[in-house]
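Residue numbers (our numbering): 45 to 210.
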Amino acid sequence: MRERRAATDRRRAREFEVFAAGAAGRLLHTAALLTAEPPTATPRAQRLLEAALARTYAEWDQLRGEDPYDRTRRELALRFAQEAWRVRRPGRWSGRWGGRRAGGQGGLLGGLGAQERLVLVLQLYEGLTEEQTASLLGLPEDRARALCARAMSALRRTAPRGEAGP
Numbered sequence: 045m046r047e048r049r050a051a052t053d054r055r056r057a058r059e060f061e062v063f064a065a066g067a068a069g070r071l072l073h074t075a076a077l078l079t080a081e082p083p084t085a086t087p088r089a090q091r092l093l094e095a096a097l098a099r100t101y102a103e104w105d106q107l108r109g110e111d112p113y114d115r116t117r118r119e120l121a122l123r124f125a126q127e128a129w130r131v132r133r134p135g136r137w138s139g140r141w142g143g144r145r146a147g148g149q150g151g152l153l154g155g156l157g158a159q160e161r162l163v164l165v166l167q168l169y170e171g172l173t174e175e176q177t178a179s180l181l182g183l184p185e186d187r188a189r190a191l192c193a194r195a196m197s198a199l200r201r202t203a204p205r206g207e208a209g210p
């Protein structure tokens, strides 16, 4: 019995290692976009990804046909949202989360609110539809659509304009 359990644990660990080796780079990039950290220094993004991967590993046997990348991405997004909620509104319950980040870091995406950034990254970088994004975040579809439109409008206003040639 003990040997069977050990063999199952080894198989599970190998499967997870293969998944993590293939997906960690893209997931870290997603996390870095969410946290609006520069590509050279991503401590928050790395913590988010480690926590999301740990949760996926803990639930590996319960995936039953579910894509582990989708599960990890969902966990990453929800952890980011929870963190943004705690940072933005400590001790308050208001139904809103994710104001603008202090300090102006994060380049173009750093000027967006956490909720706007989350919706934008899920839809434009991860390729989720409005319906999938809304479902993942527990938002109405029109709210996800409005957040994406507001984020795109903000990006258009703040994006550096290309200069005309000499």
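Note that CB positions come from ideal geometry on N, CA and C, so glycine has one too.
Comparing alpha-carbon positions, the option among Ala188, Thr100, Leu72 and Ala98 lying closest to Ala178 turns out to be Ala188. For Thr100, the enclosing alpha helix (DSSP H) starts and ends at Pro87 to Ala102. Within 10 angstroms of the beta-carbon of Thr100 lie 16 or more other beta-carbons, which makes it buried. Contact between the segment 71-79 and the segment 154-169 is present: three or more C-beta pairs spanning the two stretches fall below 8 Å. Sorting Glu170, Arg56, Glu110 and Gly151 by C-alpha distance to the C-alpha of Ala80 places Gly151 at the top. Met45 sits in coil when the DSSP states are folded into three classes, being neither helix nor strand.
Annotated three-state conformation of Gly157 is coil, per DSSP. Per DSSP, the unbroken alpha helix (DSSP H) holding Thr177 starts and ends at Glu174 to Leu181. Contact between Asp105 and Arg56 holds, with the beta-carbon distance rounding to 7 Å and staying under 8 Å. Exclusion of the five residues before and after Leu199 leaves Leu152 as the residues of its chain whose Cβ lies within less than 7 Å of its Cβ.
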